[in-house]
Amino acid sequence: MSPPSPQRRVLVLAHTGRAEVREVARACVQSLTAHGIAVRLLADEAADLGLTDVDGLVETTQPDDVPGEGCELVLVIGGDGSILRAAELTHATSTPLLGVNLGHVGFLAEAEQEDVESTIAAIVARDYTAEDRLTLDVCVLVGKEVRFSTFALNEASVEKAARERMLEVVVEVDGRPLSRWGCDGVVCATPTGSTAYNFSAGGPVVWPEVEALLMVPLSAHALFARPMVVAPSSVLAVEVLSNTEGSGVLWCDGRRTVDLPPGARIEVRRGARPVRLVRLHHAPFTDRLVAKFDLPVEGWRGAAERRRRDNGDTDA
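Throughout, the numbering used here is defined as the position within the sequence shown, counted from one, plus 20.
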(Lines of atoms letter the chains of each structure in order from A and count residues from 1; the text may use other names and numbers.)
(Lines give C-alpha, C1' and ligand atoms only; values in the text may rest on other atoms or scores of the structure.)
Protein backbone atom coordinates (compact mmCIF):
# COMPACT_ATOMS: atom_id res chain seq x y z
CA MET A 1 0.00 0.00 0.00
CA SER A 2 1.50 3.33 -1.06
CA PRO A 3 1.81 6.09 1.58
CA PRO A 4 -0.74 8.91 1.39
CA SER A 5 0.31 11.89 -0.70
CA PRO A 6 1.35 14.95 1.30
CA GLN A 7 -1.17 17.75 1.71
CA ARG A 8 -0.87 20.43 -0.95
CA ARG A 9 -0.76 23.92 0.52
CA VAL A 10 -0.88 27.44 -0.95
CA LEU A 11 -0.18 30.65 0.92
CA VAL A 12 -2.65 33.38 -0.09
CA LEU A 13 -1.67 37.01 0.54
CA ALA A 14 -4.06 39.83 -0.30
CA HIS A 15 -4.27 43.61 -0.07
CA THR A 16 -7.36 43.35 2.15
CA GLY A 17 -7.79 47.10 2.49
CA ARG A 18 -9.71 47.10 -0.81
CA ALA A 19 -13.18 45.56 -1.14
CA GLU A 20 -12.46 44.38 -4.68
CA VAL A 21 -9.40 42.47 -3.51
CA ARG A 22 -11.27 40.90 -0.60
CA GLU A 23 -13.93 39.59 -2.97
CA VAL A 24 -11.37 37.99 -5.30
CA ALA A 25 -9.38 36.57 -2.37
CA ARG A 26 -12.45 34.88 -0.88
CA ALA A 27 -13.29 33.34 -4.25
CA CYS A 28 -9.73 32.04 -4.65
CA VAL A 29 -9.67 30.49 -1.18
CA GLN A 30 -13.04 28.82 -1.71
CA SER A 31 -11.98 27.46 -5.10
CA LEU A 32 -8.65 26.10 -3.83
CA THR A 33 -10.20 24.38 -0.82
CA ALA A 34 -12.95 22.94 -3.02
CA HIS A 35 -10.14 21.13 -4.88
CA GLY A 36 -8.70 19.81 -1.62
CA ILE A 37 -5.78 22.24 -1.50
CA ALA A 38 -5.04 23.69 1.93
CA VAL A 39 -4.83 27.48 2.16
CA ARG A 40 -2.66 29.37 4.61
CA LEU A 41 -3.53 32.99 5.45
CA LEU A 42 -2.02 35.63 7.68
CA ALA A 43 -4.26 35.82 10.74
CA ASP A 44 -5.17 39.47 10.29
CA GLU A 45 -6.01 38.95 6.61
CA ALA A 46 -8.17 35.91 7.44
CA ALA A 47 -10.08 38.14 9.87
CA ASP A 48 -10.49 40.84 7.22
CA LEU A 49 -11.81 38.25 4.79
CA GLY A 50 -14.14 36.73 7.36
CA LEU A 51 -12.74 33.26 6.66
CA THR A 52 -12.59 30.42 9.15
CA ASP A 53 -11.37 26.86 8.90
CA VAL A 54 -13.18 24.76 6.28
CA ASP A 55 -12.76 20.98 6.72
CA GLY A 56 -9.27 21.52 8.07
CA LEU A 57 -8.17 23.24 4.85
CA VAL A 58 -7.82 26.85 6.05
CA GLU A 59 -5.04 27.69 8.50
CA THR A 60 -3.63 30.95 9.79
CA THR A 61 -0.14 32.11 10.58
CA GLN A 62 1.79 35.21 11.62
CA PRO A 63 4.30 37.18 9.50
CA ASP A 64 7.15 36.17 11.83
CA ASP A 65 6.33 32.44 11.62
CA VAL A 66 7.97 31.77 8.20
CA PRO A 67 4.60 31.83 6.40
CA GLY A 68 5.87 30.30 3.14
CA GLU A 69 7.31 27.17 4.74
CA GLY A 70 5.69 24.02 3.35
CA CYS A 71 3.72 25.93 0.66
CA GLU A 72 4.11 25.07 -3.01
CA LEU A 73 3.50 28.68 -4.03
CA VAL A 74 2.20 32.05 -2.85
CA LEU A 75 -0.90 33.43 -4.56
CA VAL A 76 -0.64 37.21 -4.25
CA ILE A 77 -3.76 39.27 -4.92
CA GLY A 78 -3.08 42.98 -5.35
CA GLY A 79 -0.51 45.08 -7.19
CA ASP A 80 3.28 45.13 -7.43
CA GLY A 81 3.50 46.47 -3.87
CA SER A 82 1.70 43.36 -2.64
CA ILE A 83 4.14 41.13 -4.54
CA LEU A 84 7.12 42.97 -3.05
CA ARG A 85 5.57 42.43 0.39
CA ALA A 86 5.13 38.74 -0.41
CA ALA A 87 8.79 38.53 -1.49
CA GLU A 88 9.77 40.02 1.87
CA LEU A 89 7.61 37.56 3.84
CA THR A 90 8.81 34.48 1.97
CA HIS A 91 12.41 35.34 1.07
CA ALA A 92 13.81 32.83 3.57
CA THR A 93 11.96 29.93 1.93
CA SER A 94 12.19 31.01 -1.75
CA THR A 95 8.52 30.07 -2.19
CA PRO A 96 7.44 30.89 -5.78
CA LEU A 97 5.17 33.95 -6.11
CA LEU A 98 2.15 34.07 -8.43
CA GLY A 99 0.65 37.54 -8.71
CA VAL A 100 -2.90 38.40 -9.72
CA ASN A 101 -2.90 42.09 -10.59
CA LEU A 102 -5.58 44.26 -9.05
CA GLY A 103 -3.32 47.28 -8.93
CA HIS A 104 -2.14 49.65 -11.67
CA VAL A 105 0.68 48.52 -13.99
CA GLY A 106 1.32 45.22 -12.19
CA PHE A 107 4.61 44.47 -13.93
CA LEU A 108 5.48 41.64 -11.54
CA ALA A 109 2.05 40.00 -11.76
CA GLU A 110 1.40 37.07 -14.08
CA ALA A 111 -2.40 37.30 -14.28
CA GLU A 112 -5.13 39.93 -14.39
CA GLN A 113 -8.43 39.89 -12.52
CA GLU A 114 -10.29 38.34 -15.45
CA ASP A 115 -7.81 35.44 -15.41
CA VAL A 116 -8.61 34.26 -11.88
CA GLU A 117 -10.52 31.16 -12.94
CA SER A 118 -7.80 29.96 -15.32
CA THR A 119 -5.13 30.82 -12.74
CA ILE A 120 -6.78 28.58 -10.13
CA ALA A 121 -7.10 25.82 -12.75
CA ALA A 122 -3.36 26.09 -13.49
CA ILE A 123 -2.53 25.83 -9.78
CA VAL A 124 -4.75 22.78 -9.35
CA ALA A 125 -3.18 21.08 -12.39
CA ARG A 126 0.34 22.25 -11.46
CA ASP A 127 0.48 23.73 -14.95
CA TYR A 128 3.06 26.41 -14.28
CA THR A 129 6.78 27.03 -14.10
CA ALA A 130 8.93 29.18 -11.83
CA GLU A 131 11.83 31.38 -12.87
CA ASP A 132 14.56 32.77 -10.64
CA ARG A 133 14.99 36.53 -10.51
CA LEU A 134 18.27 38.10 -9.48
CA THR A 135 18.14 40.01 -6.18
CA LEU A 136 20.41 42.40 -4.30
CA ASP A 137 22.06 41.92 -0.93
CA VAL A 138 22.43 45.33 0.71
CA CYS A 139 24.35 46.37 3.81
CA VAL A 140 25.01 49.70 5.51
CA LEU A 141 28.30 50.27 7.32
CA VAL A 142 29.21 53.14 9.61
CA GLY A 143 32.89 52.83 10.29
CA LYS A 144 33.48 49.09 10.53
CA GLU A 145 30.10 48.36 12.04
CA VAL A 146 27.31 46.83 9.96
CA ARG A 147 24.25 48.88 10.93
CA PHE A 148 21.70 47.32 8.59
CA SER A 149 21.44 44.48 6.09
CA THR A 150 18.60 43.32 3.88
CA PHE A 151 17.77 42.26 0.34
CA ALA A 152 15.91 43.85 -2.58
CA LEU A 153 14.08 42.43 -5.59
CA ASN A 154 13.67 45.74 -7.44
CA GLU A 155 16.13 48.27 -6.10
CA ALA A 156 18.08 49.81 -3.26
CA SER A 157 17.90 53.60 -3.44
CA VAL A 158 20.06 56.04 -1.51
CA GLU A 159 18.18 59.33 -1.28
CA LYS A 160 18.59 62.69 0.39
CA ALA A 161 16.60 62.99 3.60
CA ALA A 162 15.74 66.69 3.28
CA ARG A 163 14.37 68.40 0.18
CA GLU A 164 16.51 71.49 0.59
CA ARG A 165 19.81 69.64 1.02
CA MET A 166 21.76 67.92 -1.74
CA LEU A 167 23.47 64.63 -0.93
CA GLU A 168 27.23 64.46 -1.54
CA VAL A 169 28.35 60.93 -2.41
CA VAL A 170 31.22 59.03 -3.97
CA VAL A 171 30.22 55.96 -5.98
CA GLU A 172 32.43 52.93 -6.35
CA VAL A 173 32.48 49.85 -8.57
CA ASP A 174 34.52 46.77 -7.67
CA GLY A 175 36.54 48.55 -5.01
CA ARG A 176 37.56 51.46 -7.23
CA PRO A 177 36.12 55.01 -7.00
CA LEU A 178 34.18 56.06 -10.08
CA SER A 179 32.88 59.57 -9.46
CA ARG A 180 31.71 62.09 -6.89
CA TRP A 181 28.19 63.38 -7.21
CA GLY A 182 26.13 66.09 -5.61
CA CYS A 183 22.72 64.57 -6.21
CA ASP A 184 19.23 63.73 -5.01
CA GLY A 185 20.31 60.12 -4.69
CA VAL A 186 21.48 56.93 -6.40
CA VAL A 187 19.41 53.91 -7.46
CA CYS A 188 20.99 50.45 -7.58
CA ALA A 189 18.61 48.09 -9.37
CA THR A 190 18.14 44.59 -10.73
CA PRO A 191 16.85 43.74 -14.23
CA THR A 192 13.49 42.99 -12.58
CA GLY A 193 13.54 46.47 -11.06
CA SER A 194 14.59 48.12 -14.32
CA THR A 195 10.91 48.87 -15.09
CA ALA A 196 10.27 50.36 -11.64
CA TYR A 197 12.15 53.23 -9.92
CA ASN A 198 15.09 52.77 -12.30
CA PHE A 199 12.78 53.37 -15.27
CA SER A 200 11.30 56.51 -13.73
CA ALA A 201 14.81 57.81 -13.06
CA GLY A 202 15.81 57.45 -16.72
CA GLY A 203 17.65 54.16 -16.45
CA PRO A 204 17.63 51.43 -19.10
CA VAL A 205 15.03 48.68 -19.40
CA VAL A 206 16.89 45.36 -19.02
CA TRP A 207 15.34 42.06 -20.04
CA PRO A 208 14.99 39.79 -16.98
CA GLU A 209 17.11 37.03 -18.54
CA VAL A 210 20.10 39.39 -18.52
CA GLU A 211 22.24 39.03 -15.41
CA ALA A 212 23.47 42.49 -14.48
CA LEU A 213 23.39 45.21 -11.84
CA LEU A 214 22.28 48.76 -12.61
CA MET A 215 23.30 52.09 -11.10
CA VAL A 216 21.39 55.29 -11.90
CA PRO A 217 22.12 58.75 -10.41
CA LEU A 218 19.18 60.94 -9.42
CA SER A 219 19.52 64.57 -10.59
CA ALA A 220 23.30 64.52 -10.22
CA HIS A 221 25.29 67.73 -10.67
CA ALA A 222 28.29 66.18 -12.41
CA LEU A 223 29.89 65.90 -15.84
CA PHE A 224 29.72 62.10 -15.73
CA ALA A 225 26.35 61.05 -14.37
CA ARG A 226 24.99 58.41 -16.71
CA PRO A 227 23.05 55.22 -15.96
CA MET A 228 25.42 52.25 -15.83
CA VAL A 229 25.03 48.50 -16.31
CA VAL A 230 27.73 46.37 -14.72
CA ALA A 231 28.51 42.68 -14.33
CA PRO A 232 26.41 40.62 -11.89
CA SER A 233 29.61 39.79 -10.03
CA SER A 234 30.41 43.47 -9.44
CA VAL A 235 30.07 45.16 -6.05
CA LEU A 236 28.52 48.62 -6.05
CA ALA A 237 29.12 51.06 -3.20
CA VAL A 238 27.81 54.51 -2.34
CA GLU A 239 29.60 56.50 0.34
CA VAL A 240 27.86 59.48 1.92
CA LEU A 241 30.67 61.99 2.37
CA SER A 242 31.41 62.81 6.00
CA ASN A 243 31.43 66.56 5.27
CA THR A 244 28.07 66.57 3.47
CA GLU A 245 25.53 69.02 4.85
CA GLY A 246 22.62 66.67 4.33
CA SER A 247 21.91 63.21 5.64
CA GLY A 248 20.47 60.38 3.59
CA VAL A 249 18.04 57.51 3.76
CA LEU A 250 18.19 54.04 2.22
CA TRP A 251 15.03 52.47 0.81
CA CYS A 252 14.89 48.85 -0.35
CA ASP A 253 11.94 48.03 -2.61
CA GLY A 254 10.17 51.03 -1.06
CA ARG A 255 9.48 48.89 2.03
CA ARG A 256 12.55 48.66 4.27
CA THR A 257 14.37 51.80 5.26
CA VAL A 258 17.22 53.07 7.42
CA ASP A 259 18.69 56.53 8.01
CA LEU A 260 22.16 57.22 6.64
CA PRO A 261 24.38 59.57 8.65
CA PRO A 262 27.32 61.36 7.01
CA GLY A 263 30.12 58.83 6.52
CA ALA A 264 27.79 55.87 5.94
CA ARG A 265 28.76 53.35 3.27
CA ILE A 266 26.17 51.33 1.37
CA GLU A 267 27.35 48.15 -0.37
CA VAL A 268 25.21 46.39 -2.97
CA ARG A 269 26.00 43.01 -4.52
CA ARG A 270 24.17 40.16 -6.18
CA GLY A 271 21.85 38.47 -3.71
CA ALA A 272 22.69 35.02 -2.42
CA ARG A 273 19.04 33.95 -2.70
CA PRO A 274 16.92 34.74 -5.78
CA VAL A 275 13.18 35.42 -5.75
CA ARG A 276 11.13 32.91 -7.74
CA LEU A 277 8.24 34.17 -9.88
CA VAL A 278 5.59 31.81 -11.23
CA ARG A 279 4.93 31.89 -14.94
CA LEU A 280 1.71 30.60 -16.51
CA HIS A 281 2.58 31.73 -20.04
CA HIS A 282 5.76 31.70 -22.07
CA ALA A 283 5.19 34.98 -23.92
CA PRO A 284 8.37 36.98 -24.56
CA PHE A 285 9.22 39.91 -22.30
CA THR A 286 8.70 42.22 -25.28
CA ASP A 287 5.00 41.37 -25.27
CA ARG A 288 4.77 42.08 -21.53
CA LEU A 289 6.50 45.44 -22.04
CA VAL A 290 4.09 46.42 -24.82
CA ALA A 291 1.03 45.33 -22.83
CA LYS A 292 1.98 46.88 -19.48
CA PHE A 293 3.10 50.23 -20.91
CA ASP A 294 0.48 50.23 -23.68
CA LEU A 295 3.20 50.91 -26.27
CA PRO A 296 2.15 51.87 -29.83
CA VAL A 297 2.98 49.04 -32.25
CA GLU A 298 0.46 49.79 -35.03
CA GLY A 299 1.93 49.21 -38.46
CA TRP A 300 4.10 46.26 -37.47
CA ARG A 301 3.47 43.44 -39.96
CA GLY A 302 5.84 40.81 -38.61
CA ALA A 303 8.59 38.66 -40.07
CA ALA A 304 6.20 36.17 -41.71
CA GLU A 305 4.48 38.83 -43.78
CA ARG A 306 7.80 40.40 -44.75
CA ARG A 307 9.05 37.03 -45.99
CA ARG A 308 5.89 36.60 -48.08
CA ARG A 309 6.38 40.06 -49.59
CA ASP A 310 10.05 39.40 -50.34
CA ASN A 311 9.10 36.13 -52.07
CA GLY A 312 6.71 37.99 -54.36
CA ASP A 313 3.49 36.75 -52.76
CA THR A 314 1.23 39.79 -52.98
CA ASP A 315 -2.00 38.09 -51.83
CA ALA A 316 -2.87 39.71 -48.53
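Ideal Cβ placement from N, Cα and C applies to all residues, glycine included. Please read all numbers here as calculations on a predicted model, not as lab measurements.
Proximity to residue i [Cα-Cα], best of the options
i: Leu62; options: Arg285, Val96, Gly223 and Pro83; result: Pro83
i: Arg196; options: Val258, Gly283 and Asp157; result: Val258
i: Pro224; options: Ala182, Ala242, Arg246 and Gly205; result: Arg246
i: Arg277; options: Gly283, Leu243 and Thr170; result: One detail in the question is off: residue 277 reads as Thr in this sequence, not Arg. Here the closest residue by C-alpha is Thr170.
i: Glu184; options: Phe244, Cys159 and Gly266; result: Gly266
i: Asp73; options: Leu122, His55, Val49 and Gly90; result: Val49
i: Val32; options: Glu92, Leu280 and Met248; result: Glu92
i: Val44; options: Val193, Val136, Leu309 and Val158; result: Val136
i: Ser262; options: Pro316, Val125, Gly56 and Val189; result: Val189
i: Ala292; options: Val162, Thr113, Ala145 and Ala67; result: Thr113
i: Ala66; options: Leu52, Arg46 and Ser51; result: Arg46
i: Thr53; options: Glu79, Arg321 and Val178; result: Glu79
i: Leu154; options: His111, Ser102, Gly202 and Gly322; result: His111
i: Gly202; options: Val260, Ile286, Gln133 and Gly90; result: Val260
i: His241; options: Pro26, Met186 and Ala311; result: Met186
i: Gly98; options: Val191, Arg38 and Leu69; result: Arg38
i: Pro281; options: Val158, Gly268 and Leu315; result: Gly268
i: Cys272; options: Tyr217, Arg321, Lys312 and Ala303; result: Tyr217
Whether residue i touches residue j by CB criterion (8 Å)
i: Arg299; j: Glu151; result: yes
i: Pro211; j: Val236; result: no
i: Ala131; j: Leu270; result: no
i: Leu118; j: Val96; result: yes
i: Asp85; j: Val125; result: no
i: Ala284; j: Val160; result: yes
i: Asp204; j: Glu165; result: no
i: Leu3; j: Arg290; result: Coverage of the chain is limited to positions 21 through 336, which leaves residue 3 absent and any answer about it impossible.
i: Val120; j: Ala129; result: yes
i: Asp279; j: Ala182; result: no
i: Ala141; j: Tyr148; result: no
i: Phe127; j: Thr215; result: yes
i: Ala221; j: Leu238; result: yes
Nearest-angstrom Cβ-Cβ length linking residue i and residue j, presumed shorter than 8 Å
i: Val59; j: Val94; result: Val59 to Val94, Cβ: 11 Å. No contact.
i: Leu122; j: Val41; result: 5 Å
i: Val295; j: Leu173; result: 5 Å
i: Val249; j: Val226; result: 7 Å
i: Gly88; j: Thr115; result: 3 Å
i: Asp275; j: Leu156; result: It should be pointed out that residue 275 corresponds to Arg in this sequence rather than to Asp. Contact doesn't hold; Cβ gap of about 13 Å is too wide.
i: Ile286; j: Val158; result: 7 Å
Residue interval of the alpha helix (DSSP H) (run including residue i)
i: Ile97; result: Counting along the chain, Ile97 falls outside any alpha helix (DSSP H), though it belongs to the beta strand (DSSP E) covering Leu93 to Gly98.
i: Glu130; result: Unbroken run through Glu130: none, as it is neither H nor E.
i: Leu61; result: Leu61 -> not in any alpha helix (DSSP H); beta strand (DSSP E) instead, spanning Ala58 to Leu62.
i: Thr139; result: Val136 to Ala145
i: Thr53; result: Ala39 to Ala54
i: Asn218; result: Tyr217 to Ser220
DSSP beta-bridge partners of residue i
i: Pro197; result: Glu192
i: Val230; result: In DSSP, Val230 forms no bridge with anything.
i: Pro316; result: Answer by DSSP bridge pairing: none, since Pro316 is not bridged.
i: Asp157; result: Phe171 and Arg289
i: His241; result: Gly202
i: Val207; result: Ser177 and Val236
i: Leu280; result: Gly268
Residue range of the beta strand (DSSP E) that includes residue i
i: Asn174; result: No beta strand (DSSP E) holds Asn174; DSSP gives it neither H nor E.
i: Leu33; result: Arg29 to Ala34
i: Gly119; result: Leu117 to Asn121
i: Val249; result: Met248 to Val250
i: Gly90; result: Run containing Gly90: none; DSSP gives neither H nor E here.
i: Leu270; result: Gly268 to Cys272
i: Val255; result: Looking at the DSSP string, Val255 is not in any beta strand (DSSP E), and its letter there is neither H nor E.
i: Arg296; result: Val295 to Arg299
heavy atom of the ligand SAM below 7 Å from residue i C-beta
i: Ile97; result: Summarising the ligand content, the structure contains no ligands, and the ligand SAM is consequently not present.
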